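Encoded as structure tokens, the structure appears first; notes follow it.
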Amino acid sequence: MSRKKVKLELIADETARRTTFRKRKKGLVKKVSELSTLCGVNALAIVYGPYDPNPDFWPSSPSDAKGVITRFKNMSEMDQAKKMMNQQEFLRERIGKFKDKLKWQLRENQVLETTKLMYECLTGNKDLQDLSYEALGDLTWLIEKRMKEIQNRITDIGMPISTLPPLAQQFMPMPKLDHEKKNNADGDNDGQGSGRDKTAMEVLLSIGNQPSS
-19 MSRKKVKLEL IADETARRTT FRKRKKGLVK KVSELSTLCG VNALAIVYGP YDPNPDFWPS
41 SPSDAKGVIT RFKNMSEMDQ AKKMMNQQEF LRERIGKFKD KLKWQLRENQ VLETTKLMYE
101 CLTGNKDLQD LSYEALGDLT WLIEKRMKEI QNRITDIGMP ISTLPPLAQQ FMPMPKLDHE
161 KKNNADGDND GQGSGRDKTA MEVLLSIGNQ PSS
């Protein structure tokens, strides 16, 4: 049976708060001891509580605890502060991570929504003429991304473009020989080039102009 998730806020009941403090303190000291033993590191835990006049610390030997403190004080201020963290810094770091995660999730949601919109346009359930400029821009980005992925995949498997279906050949760039590249470049310079690859926006317009079945 899974344990109930603890709500991180001050426990109102005094007796329950004291019991929780003692249990958590014991668990914390145990974790520090295990960390030191398993990983071979020097560790020190000092816990001040409102219920005891003296702090609890680990290791229990004063000389061992003093040795860790002395080693820490002998470090430069920069090294001391490198991994130091208080409650404010901890919360700031956590908030930053949650913001990054939220930003990533919003981006993923946008990609999913744009993908859904693309399929609706392909099936005729959406008319491109009814889409906003922002939606068209998202579709352009997505189609260019997918076309690039397809081109890379075709290159990886070495599939001749001539074996693709006719509609795919229409939108996929055909490999050009050296003299064709030169002729196309000359034609572009003269304003008459027609051998360039289709852009994602042209793909959208071609889809929108296809007769519905």
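So that you can map any letter, position 67 of the sequence shown is 47 in my numbering, and since no number is skipped, the others follow by simple counting.
Note that CB positions come from ideal geometry on N, CA and C, so glycine has one too.
Computed from a prediction, not measured in an experiment: that's the story for all the values here.
Determine the DSSP secondary structure at residue i, reduced to helix, strand or coil.
| i | result |
| --- | --- |
| glycine 21 | Before going on, a small fix: residue 21 reads as valine here, not glycine. In the structure shown, valine 21 sits in coil (DSSP, three-state: anything other than H, G, I, E or B). |
| asparagine 138 | Note on identity: in this sequence residue 138 is glycine, with asparagine being the wrong assignment. Correct three-state label for glycine 138: coil. |
| aspartate 118 | helix |
| serine 13 | helix |
| serine 41 | coil |
| lysine -15 | coil |
| aspartate -7 | coil |
| aspartate 110 | helix |
| threonine 0 | helix |
| asparagine 132 | helix |
| glycine 104 | coil |
| lysine 156 | Any reading at lysine 156 needs caution, since the residue's pLDDT is 44, under 50, leaving its predicted position unreliable; the model's value is listed next. Reduced to three states, the DSSP call for lysine 156 is coil. |
| glutamine 172 | Low confidence applies here, because glutamine 172 scores a pLDDT of 46, under 50, leaving its location unreliable; read the following figure in that light. If DSSP states are grouped into helix, strand and coil, glutamine 172 belongs with coil. |
| lysine 161 | Note that lysine 161 scores 45 on pLDDT, short of 50, meaning its location in the model is unreliable; the coordinates nonetheless yield the value given after this. Looking at lysine 161 - three-state DSSP - the assignment turns out to be helix. |
Which one or two residues does DSSP pair with residue i in a beta bridge?
| i | result |
| --- | --- |
| valine 27 | Asp36 |
Name the residue from the options whose alpha carbon lies nearest to the alpha carbon of residue i.
| i | options | result |
| --- | --- | --- |
| arginine 87 | Phe70, Lys46, Gln60 and Asp118 | Asp118 |
| valine -14 | Thr0, Glu(-6) and Thr(-5) | Thr0 |
| leucine 97 | Leu82, Ile75, Asp80 and Thr120 | Thr120 |
| arginine 126 | Ala115, Thr103 and Val91 | Val91 |
| tyrosine 28 | Arg2, Glu124 and Ala(-8) | Arg2 |
| isoleucine 26 | Leu15, Ile49 and Glu14 | Ile49 |
| valine 9 | Trp38, Glu114 and Ala(-8) | Trp38 |
| alanine 115 | Gly7, Glu93, Asp80 and Leu15 | Glu93 |
| serine 41 | Glu100, Lys53, Phe52 and Ala23 | Ala23 |
Inset, instruction - Can you check the stretch 55 to 97 for any beta strand (DSSP E) of at least 3 residues that lies completely inside it and give the ranges in chain order? - result: none
Inset, instruction - Pair every Cβ in the stretch 65 to 85 with every Cβ in the stretch 30 to 45, then say whether three or more of these pairs are closer than 8 Å. - result: no
Legend entry - Contact between the stretch 55 to 62 and the stretch 74 to 86 (3+ Cβ pairs under 8 Å): no
Legend entry - Segment contact flag, the stretch 101 to 108 with the stretch 128 to 140, C-beta cutoff 8 Å, min 3 pairs: no
Inset, instruction - Examine the Cβ distances between the stretch 14 to 21 and the stretch -12 to -3 and report whether three or more of them are shorter than 8 Å. - result: no
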